[in-house]
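Residues 9 to 341 in the working numbering are what the sequence shown spells out, letter by letter.
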Amino acid sequence: MTSFKAIRVHQVERATNSQLETITLDDLSAGEVVVRVAWSGLNYKDALAVSGKGRIMKGFPKVAGIDLSGIVESSDDPAWRKGDRVLVTGCNIGELLDGGLAERARVPASAVVRLPEGMDLREAMAIGTAGFTAALALKRMLENHQHPDMGPIVVNGPTGGVGGIALDLFSRAGFEVHALTGKAAAQSDYLKKLGAHAVIDRLTLDVGSRPLESATWGGAVDNLGGESLGYLTRTVRPWGNIASIGLAQAHTLETTVMPFILRGVSLLGIHSVECPRAWREWIWQQLAGPWKLRHLDTLVSREILLDQVKATCDEQVAGSLVGRTVVKLSGDL
Ligand SMILES: NC(=O)c1ccc[n+]([C@@H]2O[C@H](COP(=O)([O-])OP(=O)(O)OC[C@H]3O[C@@H](n4cnc5c(N)ncnc54)[C@H](OP(=O)(O)O)[C@@H]3O)[C@@H](O)[C@H]2O)c1
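Set out below in structure tokens:
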């Protein structure tokens with residue numbers, strides 16, 4: 009049986025440890041489709057899982073990687089054939105199921121999405137779960153009547169993958185976007201290149217404490233949770249939407265009902281892992297067409313190999329990286 013390389017996470021007493029290993033298909037969780045992985049990406053969850061800083065996986069040992077693109081090698085499901093160019097994001101890979109940071113992956117047929125026309129395998133993972141999630145936020149906000157006339161969209165955590173892509177995506181969709189970052193001094197030029205109209209320093213921002221502060225933002229994309237998200241609820245203008253995506257700062261939220269009952273603000277939950285399949289396919293079509301990112305070359309800061317994943321995840325979880333990291337497995341075939 010063919011052997012291949014993978015980043016696997018093991019449980020060691022109460023902690024976890026990851027390493028680059030050689031395994032076979034027999035080591036992988038069940039699934040109908042075997043994919044020769046071309047590219048994967050590093051997302052915040054991957055960084056937590058591989059660095060051991062967060063408990064992402066359910067069951068060990070497990071191959072890390074919550075997304076992948078590649079070519080179908082074999083399929084027990086008639087929907088997929090050898091040679092199909094595909095991608096997978098979420099659907100529990102890299103968590104409950106073995107994931108994409110490996111030269112081969114075996115995944116459920118229901119998780120597989122056909123690579124859209126006009127997108128190559130590397131681009132799919134440059135976008136990856138991060139970009140898919142930012143696009144899901146745009147979809148939900150537009151459906152809930154977010155409009156550029158309501159005022160600027162503030163993006164929190166914009167030097168990360170989701171935030172950076174949100175800047176590009178929302179500005180392309182006609183919104184004025186403002187970047188709220190912990191790296192204002194060093195990364196203003198980068199954020200402006202992605203479409204930020206203004207850059208705000210989160211470290212010196214007065215977040216106030218009243219149930220309602222000055223109504224400033226038309227809407228918000230939040231990757232941090234915690235105090236930052238509380239601030240956003242207090243400062244979004246009437247009928248604006250806040251897409252709650254992440255918890256890079258904290259999983260808590262302290263606010264009152266005032267923004268919801270006195271300003272009609274909506275807090276929209278964004279859950280990319282189990283996103284309905286019809287939305288999933290529609291969003292990837294958008295990302296290959298009318299929502300095609302304009303600054304992907306700027307957003308992808310690193311292209312690495314499997315043996316560099318662990319060190320890069322340590323940096324990512326410390327919050328010191330900027331932009332997206334793509335991981336080359338077999339590359340564009
Ligand atoms: N809901 C979903 O379906 C979904 C999908 C994907 C990701 N997420 C979540 O969204 C968040 C962002 O994901 P990502 O892949 O964009 O992550 P990332 O690339 O690692 O970026 C995280 C960004 O958050 C900011 N940050 C602030 N405090 C931080 C801290 N203590 N540690 C690390 N980063 C900190 C930094 O931006 P600044 O310095 O610019 O502030 C950093 O660049 C994560 O919480 C992730 O779990 C959720």
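Built from N, CA and C at the ideal position, the CB exists for glycine as well.
These figures come from a predicted structure and were not determined experimentally.
Check: Relative to ligand 1, is the shortest distance from any of its heavy atoms to the C-beta of residue 280 smaller than 6 Å?
Finding: Checking every heavy atom of ligand 1 against the Cβ of residue 280, one is found closer than 6 Å.
Next item on the list: Taking only runs that begin and end inside the segment 99-184, name each unbroken beta strand (DSSP E) of 3 or more residues, in chain order.
Entry: Segments of the beta strand (DSSP E) lying fully in the segment 99-184: 112-115 and 161-164.
Margin query: Under 8 Å: do the segment 305-314 and the segment 333-340 share three or more Cβ pairs, one atom per stretch?
Written below: Contact holds: three or more Cβ-Cβ distances are below 8 Å.
Note to self: Please state the DSSP three-state secondary structure of residue 28.
What the structure shows: DSSP places residue 28 in strand when its eight states are reduced to three.
Checklist line | From 283, 241 and 10, residue whose alpha carbon lies closest to that of residue 140 | finding: Distance from the Cα of residue 140 is smallest, within the candidate group 283, 241 and 10, for 283.
Notebook entry, point to check: Given a threshold of 16 other Cβ atoms within 10 Å of its Cβ, counted over all protein chains shown, does residue 298 qualify as buried or as exposed?
Noted result: Result: exposed.
Check: Residues bridged to residue 311 by DSSP?
Finding: 334.
Notebook entry, point to check: With 16 as the cutoff for other CB atoms within 10 Å, does residue 145 come out buried or exposed?
Noted result: Per the 10 Å Cβ criterion, buried.
Note to self: Determine whether the beta carbon atoms of residue 187 and residue 174 lie at a separation below 7 Å.
What the structure shows: No.
Item checked: Near ligand 1: residue 253 beta-carbon under 6 Å from a heavy atom -> It does: the Cβ of residue 253 is within 6 Å (strictly closer) of some heavy atom of ligand 1.
Notebook entry, point to check: Is residue 321 near residue 58, with beta carbons less than 7 Å apart?
Noted result: For residue 321 and residue 58, yes; Cβs fall inside 7 Å.
Notebook entry, point to check: Between residue 85 and residue 129, what straight-line distance do the alpha-carbon atoms span, to the nearest angstrom?
Noted result: Spanning the two alpha carbons is a distance of roughly 22 Å.
Check: Nearest to residue 100 by CA position, among 54, 269, 35 and 111, is which residue?
Finding: Per the C-alpha coordinates, the member of 54, 269, 35 and 111 positioned closest to residue 100 is 54.
Note to self: Please state the DSSP three-state secondary structure of residue 16.
What the structure shows: Correct three-state label for residue 16: strand.
Next item on the list: Quick one: grab the DSSP three-state call for residue 261.
Entry: For residue 261, the secondary structure class from DSSP, reduced to helix, strand or coil, is coil.
Next item on the list: Tell me whether residue 68 is buried or exposed, calling it buried when 16 or more other Cβ atoms sit within 10 Å of its Cβ.
Entry: By the beta-carbon neighbour count (other beta carbons within 10 angstroms, threshold 16), residue 68 is exposed.
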